[in-house]
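J.: Each residue of the sequence shown is one higher than the last, beginning at 7 in my numbering.
Glycine residues also receive a C-beta, built at the ideal position from the N, C-alpha and C atoms.
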Amino acid sequence: MPRPPKFRRVAFLPPFVVYKPQGVPLEEMGVVNLAVEELEALRLKDLEGLEQEECANRMGISRPTFQRLLVGARAKVAEALVKGKALRIEGGNFLLVTHRQCARCHEEWEALEGEVCPRCGAPRGRGRCRRRRGVWTLPDTEE
């Protein structure tokens, strides 16, 4: 029995899912499918300029797995550009992660990791601030 696929953490979904050469109807050209996690690998490495180890950590996968994703994604993008094919971004095994920011200490963390700040223990999100003597403060939390 094969091992179940491991979900990759993705922090970005593209605003458009199909990119194609101008002036040619989609029905008349080939299509290259790019998985969402392959796009995330391209974004982290090539757009943000992170090291592979950091990229792999952000996606929750090993560095060799990240390398395979990156090589496959680059090959698919190159094929679409060189051969004049459309690029469709869809599918894959991924979890969309959102980031939270603590209103107290400004620590950022992924929503999958918990609902309280890992640094100071404050509840997630902005919290309800109340104004005291012209200074914005956070409500006290039970520890």
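I'd like to know whether the C-beta atoms of Ala92 and Ala86 end up nearer to each other than 8 Å.
T.: When the beta-carbon positions are compared, Ala92 and Ala86 come within less than 8 Å of each other.
J.: So Cys61 and Leu50 are in contact, right, with Cβ under 8 Å, and what is the actual spacing, rounded?
T.: 4 Å
J.: Looking at the structure shown, is Glu114 part of a helix, part of a strand, or coil, going by DSSP?
T.: strand
J.: Where DSSP assigns a beta bridge to Phe100, which residues make up the other side?
T.: Arg14
J.: Measuring only the C-alpha atoms, how far is Ala17 from Ala47?
T.: 11 Å
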